[in-house]
Amino acid sequence: MRPAEWARDGAAVWDIAVPSRPSRLPGVSMAGFTGRTTDLIDLRVVPYPAVTLFLDLREALLVDDTGGARRLGSTVAGLAPGAVRGSGQDIECLQIRLSPAVAHAVLDATAELSGTVVSLADLWPHEAELFAERLRHTDSWADRFAIAERALAQRYQTGRAPDPEVAFAWRRMVEGRGGVRVDRLAAETGWSRQRLWSRFRAQIGLTPKRAARLIRFDHAVHRLAAGHQAADVAAESGYADQSHLHHDVAAFTGMTPTAVAAAPWLAVDDVAWPVEPASPTQR
């Protein structure tokens with residue numbers, strides 16, 4: 001494990017641990033978060049082009065989803081989950097990002113998860129609690145990362161992989177930052193546009209068009225968080241103009257580009273996810 005690093009979110013101080021090497025399972029990224037504050041931590045989750053597991057190690061994390069449901073403990077957020085907030089005090093959490101192709105095999109529910117947040121126990125009814133207990137019973141982040149990687153690898157090996165053509169289409173979208181046309185992807189896979197659209201939606205959970213929007217949005221908001229001007233970000237990210245960028249940011253987050261640029265959720269990304277923002281979904 002790399003040495004712990006610190007990032008600040010208002011009154012909260014985050015101790016962030018990251019693995020010393022990339023995961024041996026392609027498409028998986030992990031980071032450990034410990035939030036220390038005397039006040040309530042309240043974070044709005046910014047959608048990311050990956051399925052995200054929040055493994056609560058202190059039973060202190062409360063997640064509110066778009067529908068108003070509140071869940072305490074370990075949860076899973078599908079692609080483009082909408083307005084999700086995480087809150088609590090003295091939070092200790094292992095966050096795992098899974099590319100949709102990996103999530104399809106590991107969770108066996110990628111399509112059903114799209115736009116939602118569910119309890120991990122709903123997906124792993126016979127394993128979730130034992131998995132969480134194993135993570136809680138060690139204070140070493142290196143050991144926690146190893147435990148999680150073994151559990152994910154085992155499920156990946158026995159799970160259902162998506163069609164190679166679907167996995168290829170997702171990778172090409174990420175590489176092109178959401179700018180690759182569906183017709184071109186269909187031609188490259190050898191499928192018809194209709195077949196690619198249908199199989200992609202069934203296995204990824206989003207249509208190719210919305211998936212491309214999510215990937216493009218992710219690139220744009222990370223550029224905004226890095227201090228770049230909205231007009232420049234819109235031009236370099238493939239938006240028609242600044243109002244088009246504003247529309248997508250509002251659609252995915254309910255915020256303006258100015259507000260999302262200052263979002264605490266994005267402020268820790270360079271520490272927790274030190275590679276180029278889109279890269280974890282490619283691997």
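Residue numbering for the sequence shown follows UniProt numbering, starting at 1 and increasing by one per position.
A virtual CB, placed ideally from N, CA and C, is assigned to each residue, including glycine.
Since the structure is predicted, the reported quantities are computational estimates derived from the model, not experimental observations.
Between the CA atoms of residue j and residue i - distance to the nearest angstrom
i: D143; j: V18; result: 12 Å
i: Q242; j: P257; result: 10 Å
i: L113; j: V106; result: 13 Å
i: residue 316; j: D163; result: Nothing can be reported for residue 316, as the shown portion of the chain is limited to 1 through 283.
i: S198; j: V268; result: 36 Å
i: E165; j: L196; result: 8 Å
i: A128; j: E236; result: 42 Å
i: L224; j: V174; result: 18 Å
i: G159; j: W124; result: 13 Å
i: L43; j: Q154; result: 32 Å
i: F131; j: H219; result: 33 Å
i: A272; j: V180; result: 28 Å
Beta-carbon proximity check, residue i vs residue j, cutoff 8 Å
i: G82; j: G178; result: no
i: P49; j: L214; result: yes
i: D90; j: G73; result: no
i: T207; j: R216; result: no
i: D64; j: R70; result: yes
i: V84; j: V117; result: yes
i: T138; j: E92; result: no
i: P274; j: W170; result: no
i: G27; j: L120; result: no
8 Å CB neighbourhood of residue i in its chain, flanking five on each side removed
i: A226; result: none
i: M30; result: V18, P19, S23, L94, Q95, I96, R97, F145, A148 and E149
i: R210; result: A80
i: H246; result: A230, T256 and P257
i: L62; result: R70, R71, L72, G86, S87 and G88
i: W191; result: E165 and R199
Own chain partners of residue i with C-beta closer than 6 Å, once the 5 adjacent residues on each side are dropped
i: A103; result: V51 and T110
i: residue 292; result: Outside the displayed span of the chain (1 to 283) sits residue 292, for which this structure offers no information.
i: A212; result: M173 and G178
i: A80; result: P47, G115 and L214
i: Q203; result: H104, P162 and V166
i: D248; result: F217
Sequence-distant residues of the same chain with beta carbon closer than 7 Å to residue i, five excluded per side
i: Y156; result: L25, V102, A105 and V106
i: D183; result: R193
i: G254; result: A83
i: V46; result: V221, T253, V260, A263, W265 and L266
i: A167; result: A101
i: I41; result: A12, G35, S87, G88, Q89 and I91
i: L152; result: L25, V28 and V106
i: R134; result: I147
Within-8 Å CB hit, residue i to chain D
i: F131; result: The chain inventory of the structure shown lacks chain D, comprising one protein chain alone.
Ignoring anything shorter than 3 residues, give me the beta strand (DSSP E) runs that lie fully in the stretch 112 to 155, in order along the chain. 117 to 119
Which runs of the beta strand (DSSP E), 3 residues or longer, sit entirely within the stretch 65 to 102? Listed in chain order, they are 70 to 72, 75 to 77, 84 to 88 and 92 to 98.
List, from N- to C-terminal side, the beta strand (DSSP E) runs of 3 residues or more that fit wholly inside the UniProt domain "HTH araC/xylS-type" (163 to 263). none
Runs of beta strand (DSSP E) wholly within the stretch 41 to 66 (minimum 3 residues, chain order): 41 to 45, 51 to 56 and 62 to 64
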